[in-house]
Each structure stands twice: as structure tokens, then as C-alpha cells.
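Notes follow the structure.
Residue numbers (our numbering): 948 to 1073.
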């Protein structure tokens, strides 16, 4: 069975996401047009979860999402950040359930394109 790993790369200097020209080696080194990158610290890699939100937007690691929780006959909205859990080998909400257990997911943003939104999320958790 073929499996394709998809990811996006945040360029800290250009302040934008891209996938063009980037690849990963088997040991996780980032390459651009097949050549090693001299300063990997200028880039952040986010893995694709394999899922899309209810508006067909792709969901990546570190995206901020809203989702609906059904508990005791009531529906409530919750916000969380997508993280990869190495122990379980799956994407989870930070301090929450696996993504596959959620419904009515809506992508709100990410900490790179929307740092203010991310700060607000962190403040609401403290």
C-alpha cells in the first residue's frame, strides 16, 4: 500500500507557507530543490493530518480548530490546537481527544499566520 506524507513549510523570513521545492529525507532533514538547507531554523514543518474541516480546508499539525462536543444531550463549542501524539501515533487536540473522535470541525487559523489568535487561545487556557 502506497502512503504519501504531506506537509507544509512555514518560512520565517518570508512569513508564508509553501510546499514547492521542499522534500524530507528519511532521517527528517529538510531539502529545498534536493539540496540541504543551510539554516533549517528558518523553517517550521507541519504534517498534514489527512483530514479536512467541514468547509473542506485541510487540517495540519498546529492548526487551531473549533469543534462541537455532545455531552448529556447538550452541544458545546470547544477550541483546541492539533498536536501529534507519538505514543499513540495519531493526531490529537492538545490535552484532548483524537481528531478522529471529533465532529463539526472548523479550522480557525494557525500560530504563524494568526499569532494574535493563537495568543488569545493560550490566554483562554490559563
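Just so it is clear, CB atoms sit at the ideal spot from N, CA and C, and this is done for glycine as well.
Under 8 Å between C-beta atoms of residue i and residue j
i            : j            : result
residue 1059 : residue 1011 : no
residue 1050 : residue 1025 : no
residue 1054 : residue 978  : no
residue 993  : residue 1008 : yes
Range of the contiguous beta strand (DSSP E) that encloses residue i
i            : result
residue 1005 : 1005-1007
residue 958  : 954-958
residue 993  : 990-999
residue 1023 : 1021-1032
Helix, strand or coil at residue i [DSSP, three-state]
i            : result
residue 1068 : helix
residue 1062 : helix
residue 977  : strand
Buried versus exposed, by CB contacts within 10 Å (16 or more), residue i
i            : result
residue 1027 : buried
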